[in-house]
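Residue 0 is where the sequence shown starts when you use the numbering used here, and the numbers rise one by one after that.
We put the CB at the ideal spot given by N, CA and C, even for glycine.
Data first, discussion second: the structure below is written as structure tokens.
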Amino acid sequence: MTTLRVDRDRLWGSLMELKEIGAYQDEATGLQGVRRLALTDADAEARRRCVEWMLEAGLEVRVDRIGNVYATRPGTDRSLPCVLMGSHIDTVATGGAFDGTLGVLGG
């Protein structure tokens, strides 16, 4: 069995890069967060960046008409069942740095 390894530095760097897309600071409270609401320019920019990373990693990428991103990494033994994971790149209105993206990048 192959041992799964996560490049923590690359994962952290990617999370921090995506955190900047849609970053905001509330003027009244000073609280910081990420606002990448679905179908906004910030959401589209973050999806484009994730697609770039997926292609660089050798994944097969498809984007449907409304922007859902599907990435596939075919296995070496097609007789085995596939593994499926899902998450989101957009955020809620007052999301944090890891809202959705940790599942996408760490999946």
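- request: May I ask you to list the residues that DSSP assigns as paired with Glu59?
  value: Position 60 of the sequence shown holds residue 59. Thr71, per the DSSP bridge assignment.
query: Just the Cα atoms here: how many angstroms apart are Arg64 and Leu38?
result: The sequence position of residue 64 within the sequence shown is 65, counting from 1. The sequence position of residue 38 within the sequence shown is 39, counting from 1. Answer to the nearest angstrom: the Cα atoms are 12 Å apart.
task: Report the option in Ser86, Arg48, Val91 whose CA atom is closest to the CA atom of Glu16.
output: As a working note, residue 16 is residue 17 in the sequence shown. The residue among Ser86, Arg48, Val91 with its C-alpha nearest the C-alpha of Glu16 is Arg48.
- prompt: Between Asp42 and Arg35, is the Cβ-Cβ spacing less than 9 Å?
  reply: For this step, residue 42 is matched to residue 43 along the sequence shown. For this step, residue 35 is matched to residue 36 along the sequence shown. Yes, the Cβ-Cβ distance between Asp42 and Arg35 is below 9 Å.
field: Per-residue DSSP class, three states only, for Thr96
entry: For the purposes of this step, residue 96 is taken as the residue at position 97 of the sequence shown. The sequence given here places Ala at residue 96; Thr does not occur at that position. Reduced to three states, the DSSP call for Ala96 is coil.
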